[in-house]
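In what follows, a single structure is set out as structure tokens and then discussed.
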Amino acid sequence: MPVGEDAPGGREARRTTPPWLSSGLRRLKTAGLYVLVCVVSFVAVVVLFSVAENLWLGR
Numbered sequence: 003m004p005v006g007e008d009a010p011g012g013r014e015a016r017r018t019t020p021p022w023l024s025s026g027l028r029r030l031k032t033a034g035l036y037v038l039v040c041v042v043s044f045v046a047v048v049v050l051f052s053v054a055e056n057l058w059l060g061r
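If you use the working numbering, the sequence shown closes out at 61, no skipped numbers anywhere.
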């Protein structure tokens with residue numbers, strides 16, 4: 003492996019976060035993703051029912 007490409011990676015590898023912090027951040031990102039999916043799904047369902055109600059009442 004060329005030294006020029008390894009040098010920045012080596013510096014990054016030395017500044018590793020503790021395992022508990024890394025797993026905590028990963029869990030936080032996963033939980034945030036689940037919350038985002040739930041919120042987007044909820045908003046989509048509300049919009050869908052709103053449009054359906056407007057179409058039903060607009061007859």
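Built from N, CA and C at the ideal position, the CB exists for glycine as well.
Predicted model only: the values in this text are computed from it and were never measured.
Check: With DSSP collapsed to three states, give me the class of residue 18.; Outcome: coil
Check: Would you tell me roughly how many angstroms separate the C-alpha atoms of residue 47 and residue 22, rounded to the nearest one?; Outcome: 37 Å
Check: At the level of alpha carbons, what is the spacing between residue 60 and residue 36?; Outcome: 36 Å
Check: Tell me the DSSP secondary structure of residue 26 in three-state form.; Outcome: helix
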